[in-house]
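Step one of this worksheet: look at the structure below.
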Amino acid sequence: MIRRLAEIRARRELLLARSAVQRDALALLVQRWRAPLALADHGLRTVRYAREHPGALLLAVAALVALSPKRAFRWARRAILFWRGYRWAVAALGRLAS
Numbered sequence: 004m005i006r007r008l009a010e011i012r013a014r015r016e017l018l019l020a021r022s023a024v025q026r027d028a029l030a031l032l033v034q035r036w037r038a039p040l041a042l043a044d045h046g047l048r049t050v051r052y053a054r055e056h057p058g059a060l061l062l063a064v065a066a067l068v069a070l071s072p073k074r075a076f077r078w079a080r081r082a083i084l085f086w087r088g089y090r091w092a093v094a095a096l097g098r099l100a101s
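The sequence shown begins at 4 in my numbering and counts up one residue at a time.
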């Protein structure tokens, strides 16, 4: 009985050591993704804010147009190109998925 308990304790120690190594490896892997995921999270918060406060977005666009019309049109062109690229990617991924 005592020998069996010693085997169980040894096995437990081995498993604890193995899990510590795996935790460290996972922490290194997650660390690599921390900055890109933080940037994506910030972008999602910005989009949510814009959806919840359309007046603030309209005010910002109006201020941009009033202060610098040339820059506003440049950004509008970029936004349209981005939107087209997004729609194309969604459609292409939809075709691949079906």
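All residues carry an ideal CB built from backbone N, CA and C; glycine is no exception.
Problem set entry | Anticipated Cβ contact below 8 Å, Trp78 with Leu60, distance rounded | In fact, because the Cβ distance is near 13 Å, the residues do not count as touching under 8 Å.
Exercise. What residue range is occupied by the uninterrupted alpha helix (DSSP H) comprising Ser22?
Worked result: Where Ser22 is concerned, the enclosing alpha helix (DSSP H) stretches over 5-55.
For this session: Closer than 8 Å by C-beta to Ala53: which residues in its own chain qualify, once you throw out the five before and the five after it? Chain order, please.
Result: For Ala53, where only same-chain residues beyond five positions count, the Cβ hits under 8 Å are Ala59, Leu60.
For this session: Measure the C-alpha to C-alpha separation of Leu62 and Gln25 and round it to an integer number of angstroms.
Result: Distance between Leu62 and Gln25, taken at the CA atoms: about 50 Å.
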